[in-house]
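Sequential numbering from 4 applies to the sequence shown in this note's numbering.
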Amino acid sequence: MESYSKYLRIGKDVATLSIWDIVGQQRFDVFRTMFFKGAKAALLVFDLTRPQTLNKLDDWHEDLIKNAGKDVLKILVGNKNDLVDLRSVPKKDAVAFAKKINAMAYIETSAKTGENVNESFHQITTKLIERAKK
Numbered sequence: 004m005e006s007y008s009k010y011l012r013i014g015k016d017v018a019t020l021s022i023w024d025i026v027g028q029q030r031f032d033v034f035r036t037m038f039f040k041g042a043k044a045a046l047l048v049f050d051l052t053r054p055q056t057l058n059k060l061d062d063w064h065e066d067l068i069k070n071a072g073k074d075v076l077k078i079l080v081g082n083k084n085d086l087v088d089l090r091s092v093p094k095k096d097a098v099a100f101a102k103k104i105n106a107m108a109y110i111e112t113s114a115k116t117g118e119n120v121n122e123s124f125h126q127i128t129t130k131l132i133e134r135a136k137k
């Protein structure tokens, strides 16, 4: 489990994101709900090469809603899109899951190449700033 801060400039606004990378290992489940409390947004990340990671997000999403509230912003992120030959989660399944959980977007990324990683943070931060200004 790691935490760090990320600073993003969106137009004239600067946002400071406190990011908790809560790994999917069962031994960290007890901490997960603690970190969800008070969250304004979440990037729900799964591995495009391992369907069980998308299935596990059902439980994570339920815990997120219980602890952060139903208005928490969410983006569903399919990671490892660089591993095309190993992909085992069809895009249609991921899009359907994103709709099911009312995610504001579905984005495919590669932590290895960096593809769309910043875009996922940019999209959710833009929406957070819009909400804060209302």
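In this text, a Cβ means the ideal position worked out from N, Cα and C, and glycines have one as well.
Asked: Residue burial classification, Thr116 (beta-carbon count within 10 angstroms, cutoff 16); Found: exposed
Asked: Anticipated Cβ contact below 8 Å, Ile68 with Ile110, distance rounded; Found: Not a contact, Cβ separation roughly 20 Å.
Asked: Proximity of Ser113 and Asp96 at Cβ, strictly below 8 Å; Found: no
Asked: Beta-carbon spacing of Leu60, Lys83 below 8 Å; Found: no
Asked: Proximity of Ile20 and Thr128 at Cβ, strictly below 8 Å; Found: The sequence shown places Leu at residue 20, rather than the Ile named in the question. Closer than 8 Å, so yes.
Asked: Where Ala99 sits in the DSSP three-state scheme; Found: helix
Asked: Simplified DSSP state of Ala138, which is helix, strand or coil; Found: This structure cannot settle anything about residue 138, because the visible part of the chain is limited to 4 through 137.
Asked: Continuous alpha helix (DSSP H) stretch holding Ile127: start and end; Found: 120 to 136
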